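J.: If you scroll down you'll find the structure; I have some questions about it.
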Amino acid sequence: MAHDVAVDIEGSIRVMPETLSNKIAAGEVVQRPASAVKELLENAVDAGAGSITLILKRAGSELIRIVDDGSGMSRHDAAACFQRHATSKVLVAEDLDCIRTLGFRGEALASIAAVAQVELRTKRPVDDAGLCIRNEGGRIVSSEPCAMSDGTSLAVRNLFYNVPARRNFLKTPATELRHIIETFQALALSRPDIAFTLIHDEAEMHRLPAETGEPAEALRARIGALFGDQYPDMLVAVGEQTSYLTVHGFVGMPELHKKYRNEQFLFVNGRIVKSRSLGHAIQSAYEGLVPQGAWPFFCVFLSVDPSRVDVNIHPAKAEVRFDDDRGVYGFLHTVVQKGLGGMLLTPVVDASSTDTAEPWVLKSPAREFTVPGTSRPADASGFSSGAYSAGFDRKNERDAGRQSEELYRGAASLPIPDAAPGEEDMLLWQLHDRYILTQIQSGLMIIDQHAAHERILYERALGHLRQGQGLSQQLLFASTVEFSPADFELLKELLPDLSTLGFDIELLSGRTAVVRGVPSEIHSGDKEVLLEDLLAQYRRDDEQTGAERQERLARSLARRGAIRAGTVLAPAEMRSVIDQLFACDKPYVCPRGRATVVRIPIDELQKRFGH
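In short: position in the sequence shown from 1, add 50, done, that's this note's numbering.
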């Protein structure tokens, strides 16, 4: 018996509606508000603007407005720019081998308009009036003349309003604003000759005038305007040229290192890029000069024949590939190493020298200091410096000054497990200023002093945050601290929880805060470093873990405030660490999951010695 089989004569494959395909494309091009800011700022630069203003509301989720005085667009171009793959920069395939503009794919405005409400106002110098086009969700809803000055104003409102899942994945306003600020800084560094202004929630965060004069000095001035007046004097110029590759820019002196890498800027043909390989080429040039885990400042430009670099790897255009990756890596590393070497080998006067015939001598830092956080002398890379030994000596002296005779007041008096009565203080040793050793009945117990103290501070801080009972020690002299725009926004967001932990902070106008008190468990010295490191650690945990906010903050405070390896502890301090550790709910691991305690049974020791 035959059965009828339904046959789809027309088939099931359909061409997507343009609005749907644009929404999908937006997932690659517009990942967060900073992505939209990057694309729009690059368009303004490509338009020949001499002045660009970025206006934000609620870290870009409510409003992103870019105003420039560039060339403007004709009526035809203004309408066409919202179409996908509409561009004036690439006409034939061969153009991909000679791209010199920041944008070229023709996807940005179509992708942004697909997930936002966009208003474009533009006027060319030759036009009598401007044109205003409104686009909502990828559809043009109005187009009419308007009065405006020459240039373009593009407003993006309610980003991801029609893609709620994407909107829900946005981080806190402080985190999103930090990404936008980093994007803004990169574009401002790439073109010191353009004036940039950044306004967030009606507060001006940056007003950067166009820098004139020699390109190198203009860049130095722009770096100072962005990051602080102390930066220009702490920069080392680097520069070399080959037949197809030129490197120029600035790297920071070793003392300018940070706890995080958001002050590292690398440009290829004027475009900001992220490259682990090239970043490592620069970082490795600092080997032995900065502490382990520290990140030096750099703002370096590579100019290369466009035919020898591929920028069309990803829609975000943040990745590049060279036809000679190893050659570029080696050249960049050598250029930076040479620049640092020239700076570090500068002769200094040896005031103690009595030989008047040779008043100038080179001092090797290896004889004068060890880089904090490492056991290697500072000349591991072959550089010598007298100028910087003093800076590192000051830091070592400051770190040593943080050690306290009574770090652990108020600790519970708990006995060491398995310890013989009355012998506790006699059975404590410190190994390499890093580990606490004690004899127990079953053998030997080794405690990592930093991991143990991190666990102690973490549980204590978490308890304060959940119970609202943090204790504060008031400082004898209040400290005024000026923060970067991103850090200040994060500080405002965390201020209630910081107060609960024991910080006494008053926010002033601009980006300044007064610190009057710190948590009682934390050393009061160096409040600026304490807060900066705490915020930096919180940002890292925010990006790398899924823990809830109070856990992240407690972990960040614990990691920043815990006693470091290399800190000499008195017997009473070692006893207090052990007492408090075994009073914790989870004494055997630190908040990051590393072991705090290792036990070696006596049987294992006997076996090792062949008994």
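Cβ coordinates follow ideal geometry from the N, Cα and C atoms, glycine included.
Quantities reported herein were computed from a predicted structural model and do not represent experimental measurements.
Do Val288 and Gly274 have their CB atoms nearer than 8 angstroms?
T.: It is not a contact, given that the beta carbons lie outside the stated cut-off.
J.: Return the chain-ordered list of same chain residues with a C-beta closer than 6 angstroms to the C-beta of Tyr281, the five sequence neighbours on each side being excluded.
T.: Excluding positions up to five away in sequence, the list reads Ile273, Gly274.
J.: If you compare alpha carbons, which of Ala179, Asn208, Leu248, Leu181 is closest to Gly187?
T.: Ranking Ala179, Asn208, Leu248, Leu181 by Cα distance to Gly187 puts Asn208 first.
J.: What residue does the alpha helix (DSSP H) around Ala215 start on, and which one ends it?
T.: Start and end: 214-218.
J.: Can you give me the start and stop residues for the alpha helix (DSSP H) that Gln517 sits inside?
T.: Where Gln517 is concerned, the enclosing alpha helix (DSSP H) stretches over 499-517.
J.: Where does Ala236 sit, in a helix, a strand or coil, going by DSSP?
T.: Looking at Ala236 - three-state DSSP - the assignment turns out to be helix.
J.: Quick check on the DSSP output: the beta strand (DSSP E) that includes Arg125 runs from which residue to which?
T.: Counting along the chain, Arg125 falls outside any beta strand (DSSP E), though it belongs to the alpha helix (DSSP H) covering 125-130.
J.: Under a three-way DSSP split, which group does Gly188 fall into?
T.: Reduced to three states, the DSSP call for Gly188 is coil.
J.: Give me whichever residues DSSP pairs with Val340 in a beta bridge.
T.: According to DSSP, which records beta bridges pairwise, Val340 is partnered with nothing at all.
J.: Counting only the same chain and skipping the five closest in sequence on each side, list residues whose C-beta sits under 6 angstroms from that of Thr595.
T.: The pLDDT assigned to Thr595 is 47, lower than 50, so where the model puts this residue is not dependable, and the model offers no usable value.
J.: Could you tell me whether the Cβ atoms of Ala335 and His383 are closer together than 8 angstroms?
T.: Cβ distance < 8 angstroms, so Ala335 and His383 count as in contact.
J.: With Glu601 as the anchor, note down where its alpha helix (DSSP H) starts and where it stops.
T.: Element bounds for Glu601: 599-611.
J.: Any idea which residues DSSP pairs Ser327 with across the strands?
T.: Its beta-bridge partners do not exist; DSSP assigns none.
J.: Alpha carbon to alpha carbon, what distance is there between Ser492 and Phe659?
T.: Cα to Cα, Phe659 sits roughly 17 angstroms from Ser492.
J.: Decide yes or no for the touch test of the region 79-93 against the region 110-130: beta carbon pairs closer than 8 angstroms, at least 3 of them.
T.: Contact between the region 79-93 and the region 110-130 is present, because at least three Cβ pairs lie under 8 angstroms.
J.: Going by DSSP, name the residue or residues bridged to Leu670.
T.: Past the boundaries of the shown model lies residue 670; the chain is included only from 51 to 661, so the question cannot be answered.
J.: Once you ignore the five residues that flank Asp145 on each side, which residues in its own chain have a CB closer than 7 angstroms to its CB?
T.: Note that Asp145 has pLDDT 44, beneath the 50 cutoff, so the model's placement of it is unreliable and the number below is only indicative. Excluding residues within five positions, none has a Cβ falling inside 7 angstroms.
J.: May I have the straight-line CA-CA distance separating Leu655 from Phe372, to the nearest angstrom?
T.: Spanning the two alpha carbons is a distance of roughly 55 angstroms.
J.: Give me the Cα-Cα distance between Leu580 and Gly552, rounded to the nearest whole angstrom.
T.: Each residue's alpha carbon lies about 13 angstroms from the other.
J.: Applying the 10 Å Cβ sphere with the 16-neighbour rule, what's the burial state of Leu104?
T.: Its Cβ being crowded by 16 or more others within 10 Å, Leu104 is buried.
J.: Please classify Asp283: is it buried, with 16 or more other beta-carbons within 10 angstroms of its beta-carbon, or exposed?
T.: So Asp283 ends up on the exposed side.
J.: Between the region 641-649 and the region 492-512, can you find at least three pairs of beta-carbon atoms closer than 8 angstroms?
T.: The region 492-512 is in contact with the region 641-649.
J.: Any idea if Leu237 is buried or exposed, counting beta-carbon neighbours within 10 angstroms, 16 or more meaning buried?
T.: Burial call: buried.
J.: In this structure, does DSSP put Leu675 in helix, strand or coil?
T.: As displayed, the chain neither begins before 51 nor continues past 661, which places residue 675 out of reach and without an answer.
J.: Shortest alpha-carbon distance to Val386 belongs to which of Ile230, Tyr310, Val359, Glu290?
T.: If we check each option's Cα against that of Val386, Glu290 comes out closest.
J.: For Asp200 and Arg241, which I take to be in contact (beta-carbon distance under 8 angstroms), what is that distance rounded to the nearest angstrom?
T.: At roughly 19 angstroms, the Cβ-Cβ gap does not stay under 8 angstroms, so Asp200 and Arg241 are not in contact.
J.: So, is Pro195 buried or exposed, given that buried needs 16 or more other C-beta atoms within 10 angstroms?
T.: It is exposed - the Cβ of Pro195 has fewer than 16 other Cβ atoms within 10 Å.
J.: If you follow the alpha helix (DSSP H) that Leu551 is in, where does it begin and where does it stop?
T.: Start and end: 535-551.
J.: How close, in whole Å, do the beta carbons of Ala97 and Asp118 come, if the pair is a contact with beta carbons under 8 angstroms?
T.: Contact flag correct, Cβ pair sits at about 6 angstroms.
J.: Could you tell me whether the Cβ atoms of Ile102 and Leu204 are closer together than 8 angstroms?
T.: Cβ distance not < 8 angstroms, so Ile102 and Leu204 don't count as in contact.
J.: Taking contact to mean 3 or more Cβ pairs, one atom from each stretch, closer than 8 angstroms, check whether the region 533-547 and the region 484-491 are in contact.
T.: Judged by Cβ distances under 8 angstroms, the region 533-547 makes no contact with the region 484-491, as fewer than three pairs qualify.
J.: Can you give me the start and stop residues for the beta strand (DSSP E) that Ser203 sits inside?
T.: It spans 201-207 - the beta strand (DSSP E) in which Ser203 sits, taken as one unbroken run.
J.: Let me check you understand the geometry: is the CB of Met495 closer than 7 angstroms to at least one non-hydrogen atom of the ligand ZN?
T.: Among the components of this structure there are no ligands whatsoever, and the ligand ZN is therefore not found.
J.: If you pair each beta-carbon of the region 258-270 with each one of the region 308-321, do three or more pairs fall below 8 angstroms?
T.: No contact exists between the region 258-270 and the region 308-321.
J.: Which residues in the same chain have their Cβ closer than 7 angstroms to the Cβ of Arg270, if we skip the five residues on either side of it in sequence?
T.: Excluding residues within five positions, the ones whose Cβ falls inside 7 angstroms are Pro282, Leu285, Phe300.
J.: Mind checking who Asp554 pairs with in its DSSP beta bridge?
T.: DSSP, once it has assigned bridges, lists Gly567 as partnering Asp554.
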